[in-house]
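In our numbering, the protein residues as written are 16 to 95.
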């Protein structure tokens, strides 16, 4: 099976009754298959072009009452 010069792969997607009814109505209105409507929705939502990346930094800060076991095991213990 080929679509637009590409080999198609079948996948199964579960949709709600409302989503199915919408696809059926839109398919009848537009003359497009439900599969084509889903493909177009995917293409519009998740374009195949490279995702844009924004430069910046990520900072994580945490506060704990007790040290976790990994840190506690590495602490130097004073021997008297």
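For each residue, glycine too, the CB sits at the ideal point set by N, CA and C.
Taking the CA atoms as reference points, residue 80 sits about 27 Å from residue 72. CA-CA distance, residue 31 to residue 70, rounds to 38 Å. Between residue 26 and the set 53, 43, 45 and 37, the nearest pair of CA atoms involves 53. The Cβ-Cβ distance between residue 57 and residue 49 does not fall below 8 Å. Secondary structure of residue 48 (DSSP, three-state): coil.
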